[in-house]
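Data block below; observations after.
There are 2 protein chains.
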Amino acid sequence: MKLSIKDIQQAHERIAPYIHRTPVLESRALNKIIGCELFFKAENLQKIGAFKARGGCNAVFSMDEASLQKGVITHSSGNHGAALAWAAALRGAPCTVVMPENAPVVKIAAVEGYGANIVLCEPTMAAREAMVAKLVTEQGSTLVHPFDNDIIIAGQGTAAIEMLDQVEGSLDIMIAPIGGGGLLAGTAIATKALAKNTQVIGAEPAQANDAWLGFNSGTRLPEFSPNTICDGLRATVGVRNFEIITQQVDDILLCSEERVVEAMRLIWTRLKVICEPSCAVPLAIIMDQPEQFQGKRVGIILTGGNIDLDNLPW
Amino acid sequence: MKLSIKDIQQAHERIAPYIHRTPVLESRALNKIIGCELFFKAENLQKIGAFKARGGCNAVFSMDEASLQKGVITHSSGNHGAALAWAAALRGAPCTVVMPENAPVVKIAAVEGYGANIVLCEPTMAAREAMVAKLVTEQGSTLVHPFDNDIIIAGQGTAAIEMLDQVEGSLDIMIAPIGGGGLLAGTAIATKALAKNTQVIGAEPAQANDAWLGFNSGTRLPEFSPNTICDGLRATVGVRNFEIITQQVDDILLCSEERVVEAMRLIWTRLKVICEPSCAVPLAIIMDQPEQFQGKRVGIILTGGNIDLDNLPW
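As structure tokens, then:
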């Protein structure tokens, strides 16, 4: 069945009591530097420090009691794991998170802090999926895939619903990063339904450009080895996500690693909020390709703020 | 004439079109660590990155056109200077800021960025005041004192008005840092008028405890040499401020420098916002004296987020 705006609106009703309605931040000084009017939906101020709380909450609160008691399981480079652990704890359900060995310490600690059981594995998508399959068989728990999953996509799309309601006037462009594509797919469905003249753009680091390659060739890359500072965007875009993105997203743009660090620092100094590298990719793209954004009103979803303060990239 | 809640309410009407109504942030994880229910009024997300935008804006927008054209002048370790420069620019008025030589580079750059003329001086209150007096005589400009000034106190008090409106239910305690005392004096008047059962507490680093010494002896210290990481709290409490604080504030509490850094890091990691050391003093005090705050609902004004990212204290 096709995922629609109604699913996202239902998800929003379901999760609204548990999540923050995060603010939309603006900075006139930053607008002057960048040359367009920027609106930042601050999901780094969301529960667990990332938009992933939305999807995780939607998944857990859509489950029946009997399935919940057998537990939920997922694999995640970090934020989805924390989100699922947090949401499971809200309903008193057991939760297991399979994490790549190279996940940031701060993200592993966060998942532990929400009371989940952590299993480390090799940092490849294949290893993550194999470990999860094994544990699902052993535990009888329910897999909540971090992105290739309609219930997660619907949850992530709720950030765009809120943002379109919070910004006065229309947006010319809505831009969100792509890791597995859950956020971008949900954002595209919500935006195209509620603001049909707003262009939707996906943001990807050039060194993790699997979605860009697939979008431009018409065929999804099933496996890919990214090499980017953006630890939240190392996943390969999902099947379901790729389908929605090719149908509803207007374009995918790329940026350099250096620009990500520069954009991240600008967000810290001008918006006064902590963001992780992945979160700075949309702004980096605007800085790398200013002519496409000049004078436009641009909505950016700031995805998360979970970063190790002892390992800053400057 | 006695400063009252009406002056603060008028200030709020005057400045509301120009400032951000900043969000009140909460973190359940942080509440669990600290052991009370904390509400953070995020003035680090305010225009110019600090609550001082409120006072500066109130001062400039209270002036007549003729005085404005001769310009405004002030001395400031940073945020008030940026606030006055920003507000003066909104009305097209010239602005001069006298700054101590040891002010953070990032704060000097901010004042320059708003188009003000900067004059550096020795880092003592006496040197700052002497330089300003000389320039006022030469320029005919209007001195907008950073804190010892009713129009500034009224402006700073508007943050508390908003916060009391934004938090559902009552607060047991409202706590704000003391540098010159503008924020604490305004906060005390607003809080005592609108929420008479809420205790008002001033927060000071033990190594800049001039207000605490004055509060407990009944006599303001006219001069003092602080030695604290909290560059925003190095000013000596003002005459007008001391008068209001001794009348309306319930207590002043102290904290160690080490605890300030620890509290600052907690704010960064748990609330995902950038704050400067001064801004972390209320939380540091709660951590240093937990028994006084246990289980209470506490409002904290996060004062500012202007910090040099290349000189972090960890």
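As you go down the protein sequences, you meet chains A and B in turn. For the first sequence, my numbering assigns the number 8 to the initial residue and increments by one for each residue that follows. For the second sequence, my numbering assigns the number 8 to the initial residue and increments by one for each residue that follows. Beta carbons are placed, not taken as given, at the ideal position from N, Cα and C, and that holds for glycine.
Do residue j and residue i have their beta-carbon atoms positioned less than 7 Å apart in this structure?
{"i": "A/Glu-145", "j": "A/Leu-127", "result": "no"}
{"i": "A/Leu-240", "j": "A/Ala-215", "result": "yes"}
{"i": "B/Gly-312", "j": "B/Asn-51", "result": "yes"}
{"i": "A/Asn-388", "j": "A/Ala-110", "result": "Nothing in the structure corresponds to residue 388 of chain A, since chain A is present only between 8 and 321."}
{"i": "A/Ser-74", "j": "A/Thr-149", "result": "yes"}
{"i": "B/Ala-197", "j": "B/Gly-162", "result": "no"}
{"i": "B/Val-280", "j": "A/Lys-54", "result": "no"}
{"i": "A/Val-267", "j": "A/Pro-284", "result": "yes"}
{"i": "B/Gln-143", "j": "B/Arg-98", "result": "Looking at the sequence provided, one finds Val at residue 143 of chain B rather than Gln. No, the pair does not count as a contact, with Cβ atoms beyond the cut-off."}
{"i": "B/Ile-22", "j": "B/Ala-200", "result": "no"}
{"i": "B/Asn-248", "j": "B/Gly-188", "result": "yes"}
{"i": "A/Arg-277", "j": "A/Ala-18", "result": "no"}
{"i": "A/Ile-292", "j": "A/Ala-210", "result": "yes"}
{"i": "B/Ile-265", "j": "B/Ile-236", "result": "Reading off the sequence shown, one finds Glu at residue 265 of chain B, where the question assumed Ile. It is not a contact, given that the beta carbons lie outside the stated cut-off."}
{"i": "A/Gly-42", "j": "A/Gln-299", "result": "no"}
For a contact meaning CB atoms closer than 7 Å, what does residue i contact in chain A?
{"i": "B/Lys-279", "result": "Asn-51, Leu-52, Gly-56, Val-280, Ile-281 and Gly-312"}
{"i": "B/Leu-30", "result": "First, the residue type needs correcting, since residue 30 of chain B is Pro and not Leu in the sequence shown. The contacting residues are Pro-30."}
To which residues of the same chain is residue i closer than 6 Å at the C-beta, ignoring the five residues directly before and after it?
{"i": "A/Asp-157", "result": "Leu-10"}
{"i": "A/Ala-183", "result": "Leu-190, Leu-191, Thr-194 and Ile-308"}
{"i": "B/Gly-186", "result": "Gly-239, Leu-240 and Ala-242"}
{"i": "A/Asn-234", "result": "Gln-214"}
{"i": "B/Gln-206", "result": "Ile-180 and Asp-257"}
{"i": "B/Thr-226", "result": "none"}
{"i": "A/Met-117", "result": "Note that residue 117 of chain A is Ala in the sequence shown here, rather than Met. Answer for A/Ala-117: Ala-89, listed in chain order."}
{"i": "B/Glu-44", "result": "Asn-38 and Arg-304"}
Taking the alpha-carbon of residue i as reference, which of the options has the nearest alpha-carbon?
{"i": "A/Trp-93", "options": "A/Ile-15, A/Val-112, A/Ile-80 and A/Ala-123", "result": "A/Ala-123"}
{"i": "A/Ala-287", "options": "A/Lys-303, A/Phe-300, A/Thr-310 and A/Thr-198", "result": "A/Thr-310"}
{"i": "A/Leu-32", "options": "A/Thr-131, A/Leu-150, A/Asn-38 and A/Ala-49", "result": "A/Ala-49"}
{"i": "A/Met-271", "options": "A/Lys-13, A/His-19, A/Ile-26 and A/Phe-47", "result": "A/Phe-47"}
{"i": "A/Ile-274", "options": "A/Asn-38, A/Ile-15 and A/Asp-14", "result": "A/Asn-38"}
{"i": "A/His-338", "options": "A/Cys-64, A/Pro-30 and A/Ser-83", "result": "A question about residue 338 of chain A goes unanswered here, because the residues of chain A that appear run from 8 up to 321."}
{"i": "B/Ser-232", "options": "B/Ile-40, B/Ala-116, B/Ile-22 and B/Glu-129", "result": "B/Glu-129"}
{"i": "B/Leu-171", "options": "B/Lys-203, B/Ile-160, B/Gly-188 and B/Lys-141", "result": "B/Lys-203"}
{"i": "A/Ile-208", "options": "A/Ile-159, A/Arg-35 and A/Thr-253", "result": "A/Thr-253"}
{"i": "B/Thr-131", "options": "B/Glu-230, B/Cys-282, B/Pro-320 and B/Gln-255", "result": "B/Glu-230"}
{"i": "B/Met-294", "options": "B/Lys-59, B/Ile-40 and B/Gln-76", "result": "B/Ile-40"}
{"i": "B/Pro-24", "options": "B/Ser-34, B/Gly-42 and B/Arg-61", "result": "B/Arg-61"}
{"i": "B/Pro-320", "options": "B/Glu-136, B/Cys-64, B/Cys-282 and B/Phe-300", "result": "B/Cys-282"}
{"i": "B/Lys-59", "options": "B/Leu-316, B/Lys-114, B/Val-174 and B/Glu-269", "result": "B/Lys-114"}
{"i": "B/Ile-160", "options": "B/Glu-250, B/Ser-34, B/Asp-315 and B/Asn-223", "result": "B/Glu-250"}
Looking only at its own chain, which residues have a Cβ that is under 7 Å from the Cβ of residue i, when we skip the five neighbours before and after it?
{"i": "B/Glu-119", "result": "Ile-125"}
{"i": "A/Gln-296", "result": "Leu-260"}
{"i": "A/Gly-78", "result": "Ala-100, Pro-101, Cys-102, Thr-103, Gln-146 and Ser-148"}
{"i": "B/Tyr-121", "result": "Ala-89, Ala-92, Trp-93 and Ala-96"}
{"i": "B/Leu-220", "result": "Leu-228"}
{"i": "A/His-27", "result": "Leu-52, Gln-53 and Lys-54"}
{"i": "B/Leu-29", "result": "Per the sequence shown, residue 29 of chain B should be read as Thr rather than Leu. Closer than 7 Å at Cβ, skipping near neighbours: Lys-48, Ala-49, Glu-50, Leu-52 and Gln-53."}
For a contact meaning CB atoms closer than 7 Å, what does residue i contact in chain B?
{"i": "A/Arg-272", "result": "Leu-316"}
{"i": "A/Leu-275", "result": "Note that residue 275 of chain A is Trp in the sequence shown, not Leu. Result: Ile-281 and Leu-316."}
Could you list which residues in chain B have their beta carbon closer than 8 Å to that of residue i, in chain order?
{"i": "A/Gly-120", "result": "Ala-36"}
Sorted by chain position, which residues of the same chain lie with C-beta nearer than 8 Å to residue i's C-beta, five sequence neighbours on each side aside?
{"i": "A/Asn-318", "result": "Pro-111"}
{"i": "A/Gln-16", "result": "Ile-168"}
{"i": "B/Gly-322", "result": "Residue 322 of chain B is absent from the structure shown; chain B starts at 8 and stops at 321."}
{"i": "B/Ile-80", "result": "Cys-102, Thr-103, Val-104, Val-105, Val-139, Leu-142, Val-143, Gln-146, Ser-148, Thr-149, Leu-150 and Val-151"}
{"i": "A/Ala-133", "result": "Glu-230"}
{"i": "A/Gln-255", "result": "Ala-192, Ala-195, Ile-196, Lys-199 and Val-207"}
With a cut-off of 7 Å, does the C-beta of residue i fall near any C-beta of chain D?
{"i": "B/Ile-40", "result": "This model lacks chain D altogether; the protein chains it does include are A and B."}
Along the stretch 65-79 of chain B, what residues have a CB closer than 9 Å to any CB found in chain A?
none
Please list, in chain order, the residues of the stretch 208-222 of chain A that have any C-beta partner in chain B closer than 8 Å.
If the cut-off is 8 Å between Cβ atoms, the stretch 208-222 of chain A has nothing near chain B.
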